[in-house]
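Residue 341 in this note's numbering sits at position 348 of the sequence shown; the count goes up by one each step and never skips.
Reviewing the structure listed below.
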Amino acid sequence: MTSSAPVIRTVNARLAEELAVAERQVAAAVQLLDEGATVPFIARYRKEVTGSLDDGQLRTLEERLGYLRELDQRREAVLASIEEQGKLTDELRTALLSAETKSRVEDIYLPYKPKRRTKAQIAREAGLEPLADRLLADPALVPDEVAAEFLSEQVADAAAALDGARHILIERAAEDAELVGEVRTKFWADGALRTAPWSEEAAKSAAGQKFRDYFEFSEPLEKMPSHRVLAVLRGEKEQILAVNFDGGEDEVYQARVAQSLGIDLSAGGPATPWLATTVRLAWRTKLMISAAVDARIRLRQRAEADAVAVFARNLKDLLLAAPAGTRTTLGLDPGFRTGVKVAVVDGTGKVVDTCAIFPHQPQKQWDSAKATLAALVARHGVQLIAVGNGTASRETDALAAELIADIRAAGGPAPVKAMVSEAGASVYSASAYAAHELPQLDVTLRGAVSIARRLQDPLAELVKIEPKSIGVGQYQHDVTPGTLARSLDAVVEDAVNAVGVDLNTASVPLLARVSGVTDTLAEAIVAHRENTGPFRSRSALLKVPRLGPKAFEQCAGFLRINDGDDPLDASGVHPESYPVVRRILDRSNLTLAELIGNERTLRKLAPADFADERFGVPTVTDILAELEKPGRDPRPAFSTATFAAGVEKVADLEVGMVLEGVVTNVAAFGAFVDVGVHQDGLVHVSAMSEKFVSDPHEVVKSGQVVRVKVVDVDVDRQRIGLSLRLGNEARGGDRRPGKGGPGNQQQGNQQRGNPRRGADQNRNSNRGKQSGRRDAAPPSGSMADALRNAGFGR
């Protein structure tokens, strides 16, 4: 009988399986990434090479490629270490080569890993390993009598000898890779997280009240959603909650430990009690602790991954929100005591006027403030008014509404007003870039400029702010910064390159997000533009210092030049593909001016007729689409929400009201909507549609204008429950802690998580307490059957 060796898969093969694509597609993408190509460039301009892998697949491939290469590096280091010790067998080598996770590699390496002298090592040096082996082999032996044979200068008495032998067996179990892996798997599948107050003082504190619904809480590990995980871990960090991980019945795990060591717990020999105690201690002091630590790490990693995904999705929606366009805009940064900061920017975003007005308390210069704004509107031909949504926003919005009404009454062209998110505006105002960009302005006025520009072009303005400061995340403050930053940077890069960038107006931060352009290159491009004038062609980029052919290849297709020497430079057609366009022109007998935008002619052309060895059908198809609508913007058309008159605070709301609002944040359990009362309301996922909704992003996105019905108002706790189901009452949502029932408004843009006690919490708690204890009855039948029934070896 021969045993077949396991198939050792390459990195490319694993990636192909995970992405459900051909291995040749993966190999091509990996080669391009290794050559320095960016994901946006590969997704857009190398479709023939990768078989049309999209940016989502490429981002996943890039992330997993890094992990698998790190895994291979660690595997090689472990193999070298074991070989150096002279302990590397063919079986061990095969096990390491077939290990598919870092944790599996570490489990196998554990017995061979250099470590400080342990109690087990000291016992071995004292010659006690034979004692452990004899007691394992024959439970009929009397432990004290056998131990007496092993006394020495290092071993004073039988008790010391037995203690050393026990340490050897405990370490042996703790370093059994198969056992550790099975225990970890079962602990995760059947375990639960339980919480209680850290102390009586913590429970009674004001900070503790935010977490009071977690004072008696339990939930299965596998089912616990990310927002509850992060809320609990924050409560633990703030020493409000004590967190415990319970894997279920100890007896089941101990039976598996006994099986690993070759111990029959049903034997009636004199050594059996000693062996049973050894098994119990191996579980309680080693394996249970390591399984709980692993469960905590896994729970946090999963929660962070979910939180990052939510933040990334919201950020993408916000970056790709509809731009108001090149219209003169008046930005209002609201405030009470310090006044409302005012900035007017022209269609290009250039600041043309600034001032401060004091319409609110304590100055109450309403009429004077309105007159100042009217003069600015008339002087600069203001078409849009952007009102920041911070403190005093509703009062300032009322001022703008009255101003617009007065202008209309006088027969003049009235501007359109819109509420704009201020998230991150203060970060931008105090940044080094803002000081460089607006050196003549006080830091307080820079916020008004940013608010105005955000309305004109959200993407161009928001790229100046660190993504995590934009404030559309779910518990982003509890996520590992590096993990969050990598994901958000990728989102910004994809958004910028999807829209394209005007080479002659783009700021340094915006250019730095273009494929292949570094911060240094972005600064060089802007410096060249300022010194020599606007770029007339994409090819002129090659005159920028340190911008070579490789960088040009990566960035040129995403940069636009309007009114340049070549109309194609205003499109998404890459310069390397211009020869294809020339072939199309020759075949159609039209000039470029006649062909661009000529939908009837372009749709009659067959992409295959113009494909060649370098540019295949996918690329030609994209070229024809670009010629049909050159430089098209993928973002939606601009629209604004109109807040209801007289509804300015939570107390003004009444159940049954139907209001217009703007989605400010989308979480796993629902969406937050600004209806103009200084406190976002929550549309729970159960109130989003008549149909079941698994992901709120399927229904709404950040920045979207929606109509909602008020279904719950809690003035004391400043909480608002809303519904997108305008025709009837929303179904009762899951009100478990952190689940986001209508009362969970504390979270807002910062997602601070003030869980509300719900009707099903006790039921949930009971379910959690039972989870992991389904196998409480002692196993019957053979040991192997009992362990399989308990979940080992699934």
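From the three backbone atoms N, C-alpha and C, an ideal C-beta is built for every residue, glycine too.
For residue i, the three-state DSSP class (helix, strand or coil)
{"i": "residue 32", "result": "helix"}
{"i": "residue 324", "result": "strand"}
{"i": "residue 665", "result": "strand"}
{"i": "residue 378", "result": "strand"}
{"i": "residue 335", "result": "strand"}
{"i": "residue 17", "result": "helix"}
{"i": "residue 170", "result": "helix"}
{"i": "residue 100", "result": "helix"}
{"i": "residue 712", "result": "strand"}
{"i": "residue 634", "result": "coil"}
{"i": "residue 180", "result": "helix"}
{"i": "residue 671", "result": "coil"}
{"i": "residue 470", "result": "helix"}
{"i": "residue 58", "result": "helix"}
{"i": "residue 552", "result": "strand"}
{"i": "residue 295", "result": "helix"}
{"i": "residue 187", "result": "strand"}
{"i": "residue 211", "result": "strand"}
{"i": "residue 347", "result": "strand"}
{"i": "residue 64", "result": "helix"}
{"i": "residue 5", "result": "helix"}
{"i": "residue 546", "result": "helix"}
{"i": "residue 734", "result": "A caution first: residue 734 carries a pLDDT of 38, below 50, which makes its placement in the model too unreliable to give a value."}
{"i": "residue 516", "result": "helix"}
Beta-carbon proximity list for residue i, same chain, < 7 Å, skipping 5 on both sides
{"i": "residue 471", "result": "223, 226, 227"}
{"i": "residue 214", "result": "181, 184, 185, 186, 288, 292"}
{"i": "residue 683", "result": "718"}
{"i": "residue 53", "result": "12"}
{"i": "residue 589", "result": "560, 620, 623"}
{"i": "residue 506", "result": "456, 485, 486, 489"}
{"i": "residue 571", "result": "561"}
{"i": "residue 759", "result": "In this prediction, residue 759 has a pLDDT of 36, which is less than 50 and means its spatial position is unreliable; what the coordinates show is noted afterwards. Counting only Cβ-Cβ distances below 7 Å, and skipping sequence neighbours, we find nothing."}
{"i": "residue 384", "result": "327, 328, 329"}
Cβ distance (whole Å) where residue i is taken to contact residue j below 8 Å
{"i": "residue 634", "j": "residue 653", "result": "5 Å"}
{"i": "residue 174", "j": "residue 127", "result": "Contact flag wrong, Cβ pair sits at about 29 Å."}
{"i": "residue 637", "j": "residue 303", "result": "With a Cβ gap of about 29 Å, residue 637 and residue 303 do not count as contacting."}
{"i": "residue 41", "j": "residue 614", "result": "At roughly 11 Å, the Cβ-Cβ gap does not stay under 8 Å, so residue 41 and residue 614 are not in contact."}
{"i": "residue 788", "j": "residue 522", "result": "Since the displayed the chain opens at -6 and closes at 787, residue 788 lies outside it and no answer follows."}
{"i": "residue 598", "j": "residue 452", "result": "Not quite, the Cβ-Cβ distance comes to about 32 Å (not below 8 Å), so this is no contact."}
Short Cβ contact (8 Å threshold) for residue i with residue j
{"i": "residue 350", "j": "residue 362", "result": "yes"}
{"i": "residue 489", "j": "residue 503", "result": "yes"}
{"i": "residue 447", "j": "residue 494", "result": "no"}
{"i": "residue 573", "j": "residue 603", "result": "yes"}
{"i": "residue 696", "j": "residue 656", "result": "yes"}
{"i": "residue 463", "j": "residue 416", "result": "yes"}
{"i": "residue 276", "j": "residue 250", "result": "yes"}
{"i": "residue 308", "j": "residue 481", "result": "yes"}
{"i": "residue 148", "j": "residue 263", "result": "no"}
{"i": "residue 240", "j": "residue 281", "result": "yes"}
{"i": "residue 631", "j": "residue 317", "result": "yes"}
{"i": "residue 272", "j": "residue 254", "result": "yes"}
{"i": "residue 386", "j": "residue 299", "result": "no"}
{"i": "residue 67", "j": "residue 95", "result": "yes"}
{"i": "residue 701", "j": "residue 676", "result": "yes"}
Cβ neighbours of residue i in the same chain (closer than 6 Å, five flanking residues each side left out)
{"i": "residue 116", "result": "157, 160, 161"}
{"i": "residue 201", "result": "195, 233"}
{"i": "residue 544", "result": "509"}
Proximal residues to residue i (C-beta, below 8 Å), its chain only, five neighbours per side dropped
{"i": "residue 706", "result": "643, 646, 647, 648, 712, 713, 714"}
{"i": "residue 322", "result": "337, 338, 375, 376, 377, 378, 379, 445, 446, 448, 449"}
{"i": "residue 168", "result": "103, 104"}
{"i": "residue 788", "result": "Here the chain covers residues -6 to 787 and nothing more, so residue 788 does not appear."}
{"i": "residue 584", "result": "578"}
{"i": "residue 367", "result": "396, 399, 400"}
{"i": "residue 393", "result": "325, 366, 378, 380, 410"}
Near the ligand GDP: residue i beta-carbon under 7 Å from a heavy atom
{"i": "residue 214", "result": "Within the structure as shown, the ligand GDP is missing, as the structure has no ligands at all."}
4 or more residues per run - each alpha helix (DSSP H) lying fully within the region 253 to 282: 265 to 275
Can you list the beta strand (DSSP E) stretches of 3 or more residues lying completely in the region 353 to 419, in chain order? Listed in chain order, the complete beta strand (DSSP E) runs (minimum 3 residues) inside the region 353 to 419 are 377 to 381, 409 to 413.
Where are the alpha helix (DSSP H) runs, 4 residues long or more, that stay fully inside the region 550 to 587, in chain order? 571 to 581, all fully within the region 550 to 587.
Run through the region 213 to 253 for me and flag every whole alpha helix (DSSP H) of 4 or more residues, listed as ranges in chain order. 219 to 230
Would you list, in sequence order, the uninterrupted alpha helix (DSSP H) runs of no fewer than 4 residues that lie entirely inside the region 471 to 503? 474 to 492
Secondary structure, alpha helix (DSSP H): runs of 4+ residues fully inside the region 84 to 150: Listed in chain order, they are 95 to 102, 112 to 118, 122 to 130, 136 to 140.
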